[in-house]
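Protein chains: 2
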Amino acid sequence: MLTEEKKLSGTELLASLNWRYACKNFDSSKKLSEETWNALEQSLILSASSFGLQPWKFVVVTDQKIKEQLPEFSWGQRQPADCSHLVVISRLNELTEGYVHNYLDSIAATRSVSRESLSSYADMMLGFLKNPADKGVWMEKQCYIALGTLLTSAAVLGVDACPMEGFDAKAYDRILGLEVQGCKSVVVCPLGYRAEDKYSQLKKVRFPASDLVVRV
Amino acid sequence: MLTEEKKLSGTELLASLNWRYACKNFDSSKKLSEETWNALEQSLILSASSFGLQPWKFVVVTDQKIKEQLPEFSWGQRQPADCSHLVVISRLNELTEGYVHNYLDSIAATRSVSRESLSSYADMMLGFLKNPADKGVWMEKQCYIALGTLLTSAAVLGVDACPMEGFDAKAYDRILGLEVQGCKSVVVCPLGYRAEDKYSQLKKVRFPASDLVVRV
Chain A
175 MLTEEKKLSG
185 TELLASLNWR
195 YACKNFDSSK
205 KLSEETWNAL
215 EQSLILSASS
225 FGLQPWKFVV
235 VTDQKIKEQL
245 PEFSWGQRQP
255 ADCSHLVVIS
265 RLNELTEGYV
275 HNYLDSIAAT
285 RSVSRESLSS
295 YADMMLGFLK
305 NPADKGVWME
315 KQCYIALGTL
325 LTSAAVLGVD
335 ACPMEGFDAK
345 AYDRILGLEV
355 QGCKSVVVCP
365 LGYRAEDKYS
375 QLKKVRFPAS
385 DLVVRV
Chain B
175 MLTEEKKLSG
185 TELLASLNWR
195 YACKNFDSSK
205 KLSEETWNAL
215 EQSLILSASS
225 FGLQPWKFVV
235 VTDQKIKEQL
245 PEFSWGQRQP
255 ADCSHLVVIS
265 RLNELTEGYV
275 HNYLDSIAAT
285 RSVSRESLSS
295 YADMMLGFLK
305 NPADKGVWME
315 KQCYIALGTL
325 LTSAAVLGVD
335 ACPMEGFDAK
345 AYDRILGLEV
355 QGCKSVVVCP
365 LGYRAEDKYS
375 QLKKVRFPAS
385 DLVVRV
């Protein structure tokens, strides 16, 4: 169980979430410490996914020469080059039966149970694979859970981030060599620390709660 | 800026994320305090979305009679009935130019700037509306950012949750009267506190970092 001192209060959580914004201008001289990066990498690995299937890869770019190639394919935005760690959240090219079986093997090994004891869970997942819904879109949605997890984790650690859909996914895949990795980029999240940035001073804009929240 | 005492350390964050699991068995006698619920509601409102457009509504179900109607449309799962607060993350039925103009008005009012000063941002969003990509799918993806934000926020507050895709969205929409609200359910998240639950004792299963993380 969580001990009391490890929790945040509601007020503290909201201070972090209000501090968070889409950072437009990273201080390229400030890098995440290894400890901070490791925590954020783990937050991605621990992200929830449907069935726990983790249909993703997290591509982490810190090589400055490669980062410098990316603004051209990001509507000219500098965040992918100026951030400390660029995370490219990527989905698998295909969700195969073999992947599901690997996952089942992983459950069996981690929890010291037999594959047979997982048969109804196996049937559920393999049945899902056969249903007609687009599995590519489904994997992309899972990637957005990981994005929300990463953004919130970064905020409570005091790390700046900038979620970005505005990039040329095919160019990213080529530059980062993702074909070989069996995945393709879905959404991008530069991480680091804000420089002087007029956007950080702007009031957050949200529709009123009365428009966004429906009580039943 | 965040003051030091409001941040979590990486170790503390990971303790919360490791404590989190998909709660299968809520203690129906334990309810979120108003303060805790308010923080989680705000975490949804403060969630990131592309362009900041917030193409969603958060439907919060606490009426027990209504909650009891939902397990039948949730593959028999009891979490929607036994939880404290059921959040149904819903997308707008349509993303209209009118909605974008309301958002622009909201920016102008919140930041005391003219609508004219926002013209390039307006052009970008209105151009996006006209591109051929499916806006329904795009809105659904945004809803998954809110889900990741909610799950992580709940975890750091010590609140249990259970993200669920396994429900009959049309039945939920009908029971909750979402047509009138101009939205449809995308993904569901019961919140509350775990009861005795064998699943909470199971080891978390994740593929090794070497499979999930690619360094470039």
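Sequence order for the protein chains is A and B. Per my numbering, the first sequence starts with residue 175, numbered consecutively. Per my numbering, the second sequence starts with residue 175, numbered consecutively. Ideal Cβ placement from N, Cα and C applies to all residues, glycine included.
Only counting the same chain, and skipping five residues up and downstream in sequence, which positions put a Cβ closer than 6 Å to that of residue i?
i	result
A:E178	At A:E178 the pLDDT is 43, less than 50, meaning the model places this residue with poor confidence; the figure from the coordinates comes in the next sentence. Once the five neighbours on either side are set aside, A:E178 has no close Cβ partner at all.
A:V330	S190
A:A335	L325, A328, C363, L365
A:A296	L278
A:L176	Reliability of the predicted coordinates at A:L176 is poor, the pLDDT of 47 falling under 50, and the value obtained from them is presented with this limitation in mind. There are no such residues.
Looking at residue i: is its Cβ nearer than 9 Å to the Cβ of residue j?
i	j	result
A:L218	B:Y318	no
B:V361	B:I263	yes
A:R289	A:L278	yes
B:V390	A:L324	no
A:K344	A:N267	no
A:C197	A:S374	yes
A:Y367	A:D237	no
Given that residue i touches chain A, what residues does it touch there, using C-beta distances under 7 Å?
i	result
B:S280	V379, F381
B:L321	I319, G322
B:N212	G184
From this set, the options, which residue's C-alpha is nearest residue i's C-alpha?
i	options	result
B:S153	B:K372, B:G310, B:V333	Because chain B here runs from 175 to 390, residue 153 of chain B falls outside it and cannot be looked at.
A:Q216	B:L352, B:Q228, B:A307, B:L187	B:L187
B:D385	A:N276, A:C363, A:M298, A:Q316	A:N276
B:Y195	B:L300, B:L206, B:M338	B:M338
B:T284	A:G301, A:L376, A:Q355	A:L376
A:R265	A:R252, A:M298, A:V233, A:K378	A:V233
A:S190	B:Q316, B:K231, B:L182, B:N192	B:L182
A:E370	A:S203, A:T210, A:L260	A:S203
B:A307	A:V311, A:F381, A:P306	A:V311
A:V379	B:N192, B:E208, B:A383, B:V287	B:V287
A:W211	B:L260, B:T185, B:S224, B:N199	B:T185
B:F225	B:Q355, B:K372, B:G301, B:A383	B:G301
Just to confirm my understanding: we take residue i, look at its own chain, exclude 5 residues before and 5 after, and list those with CB closer than 7 Å. What are they?
i	result
B:L269	P229, L303, K309, M313
A:A255	K241, E242, L244, P245
B:S221	I319, A320, T323
A:D347	E353, K358, S359
B:F150	An answer regarding residue 150 of chain B cannot be provided, because it is not within the stretch 175 to 390 covered by chain B.
B:I281	L292
A:A383	none
Output, in chain order, the set of chain A residues within a Cβ distance shorter than 9 Å of residue i.
i	result
B:V233	V387, V388, R389, V390
B:S258	Here the premise fails: no neighbours, minimum Cβ distance about 14 Å.
Give the residues of chain B in contact with residue i, contact being defined as C-beta atoms less than 8 Å apart.
i	result
A:E290	None at all; the shortest Cβ gap to chain B is about 17 Å.
A:I240	V390
A:L411	Because chain A is modelled from 175 through 390, residue 411 of chain A falls outside the range shown and cannot be assessed.
Skipping 5 residues on each side, what residues in its chain have a beta carbon closer than 8 Å to that of residue i?
i	result
B:L227	L269, Y273, V274, Y277, M299, Q316
A:W249	G340, F341
B:S207	none
List the residues of chain B whose Cβ lies closer than 7 Å to the Cβ of residue i, in chain order.
i	result
A:D237	V390
A:I219	R380, A383, L386
A:Q243	The premise fails here: A:Q243 is roughly 11 Å from chain B at the closest Cβ pair, so nothing lies under 7 Å.
A:N192	L220
Kindly list, in the order they appear in chain B, the residues whose Cβ is closer than 9 Å to that of residue i.
i	result
A:G366	Those do not exist, as A:G366 stays about 15 Å from chain B at its closest Cβ, beyond 9 Å.
A:Q251	Near A:Q251 there are no residues of chain B at all, since even the closest Cβ is about 12 Å away, more than 9 Å.
* To do: Pick out the complete alpha helix (DSSP H) segments inside the segment 230 to 267 of chain A, 4 residues or longer, and give them in chain order.
  => Counting only runs of at least 4 residues, the segment 230 to 267 of chain A fully encloses the following alpha helix (DSSP H) elements, listed from N- to C-terminal order: 238 to 241, 253 to 256.
* 4 or more residues per run - each alpha helix (DSSP H) lying fully within the segment 333 to 377 of chain B -> The DSSP assignment places complete alpha helix (DSSP H) segments of no fewer than 4 residues inside the segment 333 to 377 of chain B at 343 to 350, 352 to 355, in order along the chain.
* Going along the chain, which unbroken runs of the alpha helix (DSSP H) with 4 or more residues stay wholly within the segment 273 to 341 of chain B? -> 293 to 304, 309 to 331
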